[in-house]
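Top to bottom, those sequences are chains L and U.
Its first residue numbered 1, the first sequence is counted upward by one per residue in the numbering used here.
Its first residue numbered 1001, the second sequence is counted upward by one per residue in the numbering used here.
We treat Cβ as the ideally placed atom computed from N, Cα and C, and that holds for glycine.
2 protein chains.
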Amino acid sequence: MPLPTDVQRLFRAPNFATMSTLGPDGSPQTSIMWVEVEGDEILFSTLKSRQKAANLTRDPRVSVLVQDPDRPYEYVEVRGTAALAEDTGRTVANDLSLAYAGQPFRSEPPDHVRLVVRVSPRKILKYLGSGQVVRLD
Amino acid sequence: MPLPTDVQRLFRAPNFATMSTLGPDGSPQTSIMWVEVEGDEILFSTLKSRQKAANLTRDPRVSVLVQDPDRPYEYVEVRGTAALAEDTGRTVANDLSLAYAGQPFRSEPPDHVRLVVRVSPRKILKYLGSGQVVRLD
C-alpha cells in the first residue's frame, strides 16, 4: 500500500511517534519512538530484549500515530503489521539518531541485539479535529 | 491506586494524551485526547458514537500515555481499565475545553450522547529515555 503524502511528511520529519502493541494478555501497551519511512514501510528501532519486541513477535498487529506539530489537532494513525529483523551494524538506529539527535547512535554492548521494526500499513486514518476522520488508504 | 506526583503533574497540565484501545478483532487503535485527573482516576470525553467508545464497552482495557513537553524523552504510561458513563450536561467536556482551548465546549446536537471515560490505573510506568523504565504503582 503506497504511503500518502501527508503520512510521508509527518513520518519523515523528526516527529516522535506513538506505537501501540499487544501485551501477553492482549491488552494495549504504548511507547514513544523515533520513526522513519523507507519505501512504503514505516521503520523503528528497538532492542530484542524489549517488551515491545516480544509483543510484536507474538502478535504483529500495531497502531502507529504521529501528531502534526504545526496543527496539534491533526494526526495520522497507521494500523498495520510489523516484521522484525536484526538491525545489522545498527544502521537504522544510527540513521534515526542522526535525524533526531543530530549525532551517531550511542554505543551499546555488542551482545545487545538491536532490531528493525518494519510496519506495513493496512489502514491509514487522518484525524482533522472535532472527530472528523478521513481514510487515506 | 493513588496517582503518583509525576502522573498528576503531566495529566493535570493541558498536555495531549494518547489513548490506545482494542478494536473488534483485538488489534490496537490509537487516538489523541484531552485529559484530566479526578481523584485517582484519569478522565476523558468522547461521543457514544465513536469507535473508541464501542471498543471500551466491549473490552475496557486501555493504555494512556502523556509525553513530558519539557523533557520529550520522558513520558508516563498508565495501563488500566475504563468505565463509561454519560457526561450529563457535558460537564467534563466543558471543563476540558476550558483547560485546553480556553473557551466553553462547542455546541453539539442534543441527541449526540457524550460520555465520560474514567480510567482506573492498574500499572503505571515512567520512561526516562534510553530504555530506562520505572514502575510508579
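Those residues which DSSP pairs with residue i across a bridge
| i | result |
| --- | --- |
| residue 20/L | 30/L and 63/L |
| residue 1093/U | The partner list for residue 1093/U (beta bridge, DSSP) is empty, contrary to what the question assumes. |
| residue 1121/U | 1080/U |
| residue 1073/U | The partner list for residue 1073/U (beta bridge, DSSP) is empty, contrary to what the question assumes. |
| residue 1047/U | 1114/U |
| residue 1041/U | 1038/U |
| residue 1126/U | 1076/U and 1134/U |
| residue 1086/U | 1115/U |
C-beta atoms of residue i and residue j nearer than 8 Å
| i | j | result |
| --- | --- | --- |
| residue 60/L | residue 46/L | no |
| residue 36/L | residue 119/L | no |
| residue 117/L | residue 43/L | yes |
| residue 99/L | residue 14/L | yes |
Through-space distance from residue j to residue i, alpha-carbon basis
| i | j | result |
| --- | --- | --- |
| residue 136/L | residue 1069/U | 29 Å |
| residue 1130/U | residue 107/L | 11 Å |
| residue 1126/U | residue 1031/U | 20 Å |
| residue 21/L | residue 72/L | 23 Å |
| residue 128/L | residue 74/L | 5 Å |
| residue 111/L | residue 1/L | 35 Å |
| residue 1103/U | residue 1058/U | 33 Å |
| residue 1025/U | residue 1005/U | 36 Å |
| residue 1048/U | residue 105/L | 45 Å |
| residue 1065/U | residue 1027/U | 18 Å |
| residue 87/L | residue 1122/U | 34 Å |
| residue 95/L | residue 23/L | 28 Å |
| residue 1101/U | residue 12/L | 29 Å |
| residue 1109/U | residue 1090/U | 12 Å |
Sequence-distant residues of its chain with Cβ nearer than 6 Å to residue i (five each side left out)
| i | result |
| --- | --- |
| residue 33/L | 17, 19 and 44 |
| residue 1003/U | 1040 |
| residue 67/L | 75 |
| residue 38/L | none |
Nearest-angstrom Cβ-Cβ length linking residue i and residue j, presumed shorter than 8 Å
| i | j | result |
| --- | --- | --- |
| residue 1063/U | residue 29/L | 6 Å |
| residue 1076/U | residue 1124/U | 7 Å |
| residue 78/L | residue 133/L | Incorrect: roughly 13 Å between the Cβ atoms, too far for contact. |
| residue 1053/U | residue 1115/U | 6 Å |
Own chain, CB closer than 7 Å to residue i, minus 5 neighbours either side, in chain order
| i | result |
| --- | --- |
| residue 56/L | 21, 62, 82, 84 and 117 |
| residue 953/U | Since the first and last residues shown for chain U are 1001 and 1137, residue 953/U lies out of range. |
Beta-carbon contacts of residue i that lie in its chain and below 8 Å, excluding the five residues immediately before and after
| i | result |
| --- | --- |
| residue 1113/U | 1047, 1048, 1049 and 1086 |
What residues from the stretch 41-68 of chain L come within 8 Å of chain A, judged by C-beta to C-beta, listed N to C? Structure shown: chain A not included; protein chains present are L and U.
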